[in-house]
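Comments concern the structure below.
2 protein chains.
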Amino acid sequence: MSGSGPSPAYTLSIESVERICAERGVRFTALRRLALEALLEFNGPVGAYDLLRALERKLGKSVGPPTAYRALEFLQEHGFVTRIETRNAFVPSSHPDDPGVGAFFLCNHCGATFEVDLPGLEAEFARRAETFGFRVGRRVVELQGICADCQHTAAAVEGQGQAAKAMTTKGSRG
Amino acid sequence: MSGSGPSPAYTLSIESVERICAERGVRFTALRRLALEALLEFNGPVGAYDLLRALERKLGKSVGPPTAYRALEFLQEHGFVTRIETRNAFVPSSHPDDPGVGAFFLCNHCGATFEVDLPGLEAEFARRAETFGFRVGRRVVELQGICADCQHTAAAVEGQGQAAKAMTTKGSRG
DNA sequence: TTGGTAACGTAATAACATTACACCCAATCA
DNA sequence: TGATTGGGTGTAATGTTATTACGTTACCAA
Ligand SMILES: [Zn+2]
Ligand SMILES: [Zn+2]
Ligand SMILES: [Zn+2]
Ligand SMILES: [Zn+2]
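Read top to bottom, the protein sequences are chains W and X.
Per the numbering used here, the first sequence starts with residue 336, numbered consecutively.
Per the numbering used here, the second sequence starts with residue 336, numbered consecutively.
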């Protein structure tokens, strides 16, 4: 399939992250940079252990899980990376400082990941939360299905349940 | 915290599931029934291994992970149970044959889980999906934060990030 | 009754994530 | 400058969640 979709692949660049970190007075270390570079080099969601192996290749030495997870934690905290819960995987964020809801359309067939802004979602959530006094923090919206490209393929059997095969190293929990 | 919230605790009963399975011509076996009973006996999301241990208690013998996961798979396939992705855990569904979007409000402080119907979400998803030919299957909407009860507590520091402690055996990934 | 299929038991392993502690290094300050 | 301090990283061990593979059993239909 292709990387085409509702939003440009990724608007995030290393340079912009560098700048934002400087503004915020936080350290964009070599390791964190390498991790983000690795994530950008993949086309889709990347598992922590895949990132780990990518880091090993870049560094030429072995790295432990905490190293990968710490880098991911930093990148998530600052909005540069989003965890895809239904894939146990991570992608660079399209909108690092956007307070809005990032909704993810995830193709079960090819693994393609589309981050889209769903205006109106925010309001709907807030309004409903208000009715019972819930204070909303992190929002997770993930919509699984079949992308346009894969629907043109005979192999795309159903809107539910096929395993992702290409474009990602991650499996699916459909 | 309390079990109060936007919808009654659970509208699902063993009897209704029994009836639905008969209608659909699928087998509601002893194991599947025990698994669902166990899930209903918990107050919140239940991890697969907690379910496993509950099954062991009920059966008086040890059971392997596949046994628990197969029961969960069946219950999910038929809409009786929903997986909470951000908790790696499972809850009985409030609306087993409702095609609408079940959104979950999850308290990071006490673990309380509220399933609510968000009408309008469905339309928003469908409309956006249509614009790029995506065919939506499973929808995951999980909103983490702090419930009303916990906001009345000094310990509820922020709308983000506290670990769930009571009412659930599950941890949090913030 | 027999043959086929869905369900289950069991062992092993894979995949994902965290804890604990030691070490290093850069920024701050006596 | 030397000491202190805190964040960041290295490493080993462990914990948690999920799947694969394969043999057996139970149910149903021909
Ligand atoms: Zn494809
Ligand atoms: Zn696709
Ligand atoms: Zn609460
Ligand atoms: Zn509470």
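Here a beta-carbon is modelled for each residue, glycine too, at the ideal position from N, C-alpha and C.
Inset, instruction - Using a threshold of 8 Å, state whether the C-beta atoms of L366(X) and T417(X) are closer than that. - result: no
Legend entry - Test: V426(X) CB closer than 8 Å to a CB of chain W: no
Legend entry - Cβ-based burial, M502(X) [other Cβ within 10 Å; buried from 16]: Bear in mind that the predicted position of M502(X) carries a pLDDT of just 40, short of 50, making it unreliable; the figure below should be weighed with that in mind. Looking at its Cβ environment, which holds 16 or more other Cβ atoms inside 10 Å, M502(X) is buried.
Inset, instruction - Could you tell me if A373(X) is buried or exposed, where buried requires 16 or more neighbouring beta carbons within 10 angstroms of its beta carbon? - result: buried
Inset, instruction - Please decide whether E477(X) counts as near chain W, where near means a Cβ-Cβ distance under 8 Å. - result: yes
Legend entry - 8 Å CB neighbourhood of T346(W) in its chain, flanking five on each side removed: S429, H430
Inset, instruction - Whole angstroms is fine: what's the gap from R392(W)'s alpha carbon to V352(W)'s? - result: 23 Å
Legend entry - DSSP-derived helix/strand/coil call for F467(X): coil
Inset, instruction - Output the boundary residues of the alpha helix (DSSP H) element that contains L369(X). - result: 365-376
Legend entry - Closer than 7 Å: L444(X) CB and nearest ligand 3 heavy atom: According to the sequence provided, residue 444(X) is His. The question's Leu does not apply to it. Indeed, a heavy atom of ligand 3 lies less than 7 Å from the Cβ.
Legend entry - Collapsed DSSP secondary structure at R359(W) in the structure displayed: helix
Legend entry - Selection from G480(X), A424(X), G472(X), L410(X) that minimises the alpha carbon distance to A461(W): G480(X)
Legend entry - E450(X) - partner residues in DSSP beta bridges: F439(X)
Inset, instruction - Please confirm whether any heavy atom of ligand 3 lies closer than 7 Å to the CB of D385(X). - result: no
Legend entry - Min CB distance A357(X) to chain W below 8 Å: no
Inset, instruction - Mind the definition here: the segment 441-461 of chain W touches the segment 378-386 of chain W only if three or more C-beta pairs lie below 8 Å; say whether that holds. - result: yes
Legend entry - Selection from L394(X), L456(X), R474(X), Y384(X) that minimises the alpha carbon distance to R368(X): L394(X)
Inset, instruction - Determine the DSSP secondary structure at F460(W), reduced to helix, strand or coil. - result: helix
Legend entry - Where N443(W) meets chain X, residues with beta-carbon distance less than 8 Å: G472
Legend entry - R463(W): contacting residues in chain X (beta-carbon distance under 7 Å): V451, L453
Legend entry - Contact set for L478(W): own chain, Cβ-Cβ below 8 Å, skip 5 residues either direction: A438, F439, F440, L441
Inset, instruction - Please say whether A483(X) and F467(W) have beta carbons closer to each other than 8 Å? - result: yes
Legend entry - Contact residues within the segment 403-428 of chain W, judged by C-beta distance below 7 Å to chain X: E420, T421
Legend entry - As assigned by DSSP and simplified to three states, the class of L478(X): strand
Legend entry - Which listed residue (L410(X), T421(X), N423(X)) has its alpha carbon closest to that of S348(X): L410(X)
Inset, instruction - Find out if the Cβ-Cβ distance for the pair E465(X), L453(W) is shorter than 8 Å. - result: no
Inset, instruction - Report all residues from its chain with a CB closer than 6 Å to the CB of A357(X); omit the five preceding and five following residues, and keep chain order. - result: none
Legend entry - Which listed residue (R463(W), V436(W), P400(W), Y384(W)) has its alpha carbon closest to that of G414(W): V436(W)
Inset, instruction - For my contact list, V471(W) and V476(X) are in at a C-beta cut-off of 8 Å; report their separation, rounded to the angstrom. - result: No, V471(W) and V476(X) are not in contact; Cβ-Cβ is about 12 Å, not under 8 Å.
Legend entry - Under 8 Å between C-beta atoms of P400(X) and L386(X): no
Inset, instruction - Verify the CB distance criterion: does A383(W) have a CB-CB separation below 8 Å to chain X? - result: no
Legend entry - Proximal residues to A491(W) (C-beta, below 6 Å), its chain only, five neighbours per side dropped: Only weak support exists for where A491(W) lies, its pLDDT of 41 falling under 50; the coordinates are left without a value.
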